[in-house]
Amino acid sequence: MTSKQRAYLRGLAQNIESIIQIGKAGVTPELTEAVSEALEKRELVKLTVLKNCMEDVDQAGEILAGRTRSILVATIGRRIVLYRPSKDNPVITLPK
Numbered sequence: 001m002t003s004k005q006r007a008y009l010r011g012l013a014q015n016i017e018s019i020i021q022i023g024k025a026g027v028t029p030e031l032t033e034a035v036s037e038a039l040e041k042r043e044l045v046k047l048t049v050l051k052n053c054m055e056d057v058d059q060a061g062e063i064l065a066g067r068t069r070s071i072l073v074a075t076i077g078r079r080i081v082l083y084r085p086s087k088d089n090p091v092i093t094l095p096k
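Going by UniProt numbering, 24 is the number at position 24 of the sequence shown; the sequence numbering is gapless.
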């Protein structure tokens, strides 16, 4: 992914709300499944890492990106932005 595409996705992520929170339990298989389902429906997902989470924000983002086969677009403060194009119905078209 180029820096131009990453910047484009970061711009799109500014207008969406965080839909999933990572809490005290950290990155669990259930959380991974929920994120994967959300990525298939929305393609671009913003998550919030709560203060009581034992994992670092960057670490949690890398773990989730690996488990969901998505791209870690950005970590902004305590927020994580992930992107994965939908297999069935792609909506977001990236610039070249």
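Where a beta carbon is used, it is the ideal one built from N, C-alpha and C, also for glycine.
For residue i, the three-state DSSP class (helix, strand or coil)
i, result
"LEU9", "helix"
"LEU31", "helix"
Reference residue i; option with closest CA among the options
i, options, result
"MET54", "GLY26, LEU44 and GLY66", "GLY26"
"SER86", "ALA60, LEU44 and GLU62", "LEU44"
Close Cβ partners of residue i (< 6 Å) along its chain, the five nearest in sequence each way excluded
i, result
"VAL81", "ALA13, LYS46, VAL73 and ALA74"
Sheet register partners of residue i (DSSP bridge)
i, result
"ARG79", "THR48 and ILE76"
"ILE19", "Looking at the DSSP assignment, ILE19 forms no beta bridge with any residue, so it has no partner."
"ILE71", "TYR83"
Backbone CA spacing between residue i and residue j [nearest angstrom]
i, j, result
"LYS24", "VAL49", "9 Å"
"LYS96", "MET1", "10 Å"
"ILE71", "TYR83", "5 Å"
Residues of its chain near residue i, where Cβ-Cβ distance is below 7 Å and the 5 sequence neighbours each way are ignored
i, result
"ARG67", "THR32"
Cβ neighbours of residue i in the same chain (closer than 8 Å, five flanking residues each side left out)
i, result
"TYR8", "LEU94 and PRO95"
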